[in-house]
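Colleague: Protein sequence lines, in the order shown, are assigned to chains Y and R.
Residue 167 in the working numbering sits at position 53 of the first sequence, with consecutive numbering throughout.
Residue 152 in the working numbering sits at position 38 of the second sequence, with consecutive numbering throughout.
There are 2 protein chains.
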Amino acid sequence: MKDNNDMPGHLARRFQQIAVAVFLAEVGEAGFDLTPVQYAALATIKANPGLDQVTLAGLIAYDRTTITGVVDRLVQKGLTERRASSRDRRARELEITDAGRRVLRKITPAVESAQQIMLRGLSTKEGEDLMRLLRKAIAAGNDLSRAPLREP
Amino acid sequence: MKDNNDMPGHLARRFQQIAVAVFLAEVGEAGFDLTPVQYAALATIKANPGLDQVTLAGLIAYDRTTITGVVDRLVQKGLTERRASSRDRRARELEITDAGRRVLRKITPAVESAQQIMLRGLSTKEGEDLMRLLRKAIAAGNDLSRAPLREP
DNA sequence: TACTGATAGTCAGCATACTGAGCAATATTC
DNA sequence: GAATATTGCTCAGTATGCTGACTATCAGTA
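(1) Please list, in chain order, the residues of the region 228-241 of chain Y that have any C-beta partner in chain R closer than 8 angstroms.
(2) So, at 8 angstroms on beta carbons, what are the nonlocal neighbours of R:A205 in its own chain, with the 5 sequence-adjacent residues on each side left out?
(3) Look at the alpha carbon of Y:A154 and the alpha carbon of Y:I174, and state the distance between them as a whole number of angstroms.
(4) Tell me whether Y:I181, by its Cβ, gets closer than 6 angstroms to a heavy atom of the ligand SAM.
(5) Would you call Y:R128 buried or exposed, if buried means 16 or more other Cβ atoms sit within 10 Å of its Cβ?
(6) Since R:Q94 and Y:P122 are thought to touch, with beta carbons under 8 angstroms apart, how far apart are those beta carbons, to the nearest angstrom?
(7) At 8 angstroms on the CB atoms, spell out the chain R contacts of Y:Q152, in chain order.
(8) Where Y:D177 and Y:G255 are concerned, what is the direct C-alpha to C-alpha distance, given to the nearest angstrom?
(9) When Cβ atoms are compared, which residues of the region 155-185 of chain R fall closer than 7 angstroms to chain Y?
(10) For the region 175-228 of chain R, list the alpha helix (DSSP H) runs that are entirely contained and at least 4 residues long, ordered along the chain.
(11) Mapping the DSSP letters down to three states, classify Y:N162 as helix, strand or coil.
(12) Which residues, taken in chain order from the region 215-227 of chain Y, show a beta carbon closer than 7 angstroms to some beta carbon of chain R?
(13) Chain R beta carbons: is any one of them nearer than 7 angstroms to that of Y:V141?
(14) On a CA-only basis, which of Y:N118, Y:V141, Y:A251 and Y:G192 is nearest R:P150? Give me that one, please.
(15) Anything in chain Y within Cβ reach of R:V189, meaning under 7 angstroms, just list it in chain order.
(16) Under 7 angstroms between beta-carbons, which chain R residues line up against Y:F129? List them in chain order, please.
(17) Measure the Cβ-Cβ separation of Y:G241 and Y:L247 and say whether it is below 7 angstroms.
(18) Got a sec: is the Cβ-Cβ distance from Y:A198 to anything in chain R below 7 angstroms?
(19) Comparing C-alpha positions only, which one of Y:L263, Y:L188 and Y:A261 sits nearest to Y:I159?
(20) Does the distance from the C-beta atom of R:T194 to that of R:I210 stay below 7 angstroms?
(21) Step through the CB atoms of chain Y and report whether any lies within less than 7 angstroms of the CB of R:P122.
(22) Check whether chain R comes within 7 angstroms of Y:A144, counting only Cβ atoms and requiring the distance to be less than that.
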């Protein structure tokens, strides 16, 4: 039988599992309570003030039904504001709060440290190769998931 | 700000997301209703008859609290039998059923096709490189998650 | 043998992620 | 302008995946 270690799907799952654990450990040690998903959403809201939820989901490739809960929790933590759009009453405009900006600024070292730790078994070149190959595979498979990346 | 595409954690999430979607699509088209997680568990039970849940979890790097539900569903679908161990009354011995064996046999082409599709943007060599780098990064980070791989 | 520690499994609770359905509002077409 | 299609969002349901707590059992030792 084919070994798990020859299955890219299994390797993907394992690497992601480790990536999340490392992120939570580093961020937790720095004294913050933010998941990788919440971090990406918050950073994207900061970079695109006033964007709506569907756009946010497209920019980070989250499912639109997932983003609802993520934003809920960011709002609950006081890091994001969600208000009805004036131009389109279906849409919710998202805005980062001052508290959100503070968290984002203070959390950055932990996030960057996490990205290094999850590659710690690889040389610099190997790490770059891995990211390049992942980007390439992801680009080719982008439309295969329900939540593809959508360029602005 | 650092782009998401420079974050191995984000790339890991995206690749896994696509891998799961491809797996479910291929397996679903073949007429089966089995998740990647359930597939790996079932294949591992078949290869290690009579193993207990903790051992199973270690072989595929699942958390022991996750494996409970996965085995529940395999039992519910009639693909696995779970019975108390005679030597250790805490443990549950797992056994694949004939139906499980049949499903595993028939599902293999779809699973292998899925593994190819999720690498379709890469050349053969690139695919091998990606898997090698993932294996290396995973090996170095194995103990960083709550559910590390445990060799038998 | 009684005590202590470790282990196997489960459970409650929370956070992703998806499917499929539905509602409200906007856009398009006739 | 009315009918139709599309879009933004939410919800119910299911499946991972984790934390932390708990029970039952086993193993080792005083």
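Quick reminder that beta carbons are idealized off the backbone N, C-alpha and C, glycines included.
Modeller: Answer, in terms of the structure:
(1) Residues passing the 8 angstroms Cβ filter: A228, Q229, I231, M232, L233, R234, G235, L236, E240 and G241.
(2) D166, Q167, V168, A198 and S199
(3) 7 angstroms
(4) Only the bare structure without any ligand can be found here, which leaves the ligand SAM out of the picture.
(5) buried
(6) For residue 94 of chain R there is no data in the structure shown, the boundaries of chain R being 115 and 266.
(7) The premise fails here: Y:Q152 is roughly 13 angstroms from chain R at the closest Cβ pair, so nothing lies under 8 angstroms.
(8) Approximately 16 angstroms between the Cα atoms of the pair.
(9) A157, A161, I174 and A175
(10) Entirely contained in the region 175-228 of chain R, the alpha helix (DSSP H) runs reaching 4 residues are, in chain order, 178-190.
(11) Taken through DSSP and simplified to helix, strand or coil, Y:N162 comes out as coil.
(12) From the region 215-227 of chain Y, no residue has a Cβ closer than 7 angstroms to chain R.
(13) Chain R contact via Cβ: absent.
(14) Y:N118
(15) Chain Y residues near R:V189: none, gap ~22 angstroms exceeds 7 angstroms.
(16) A126, L248, A251 and I252
(17) no
(18) No, Y:A198 does not count as interfacial toward chain R.
(19) For the options Y:L263, Y:L188 and Y:A261, the alpha carbon positioned closest to that of Y:I159 is the one of Y:L188.
(20) yes
(21) yes
(22) no
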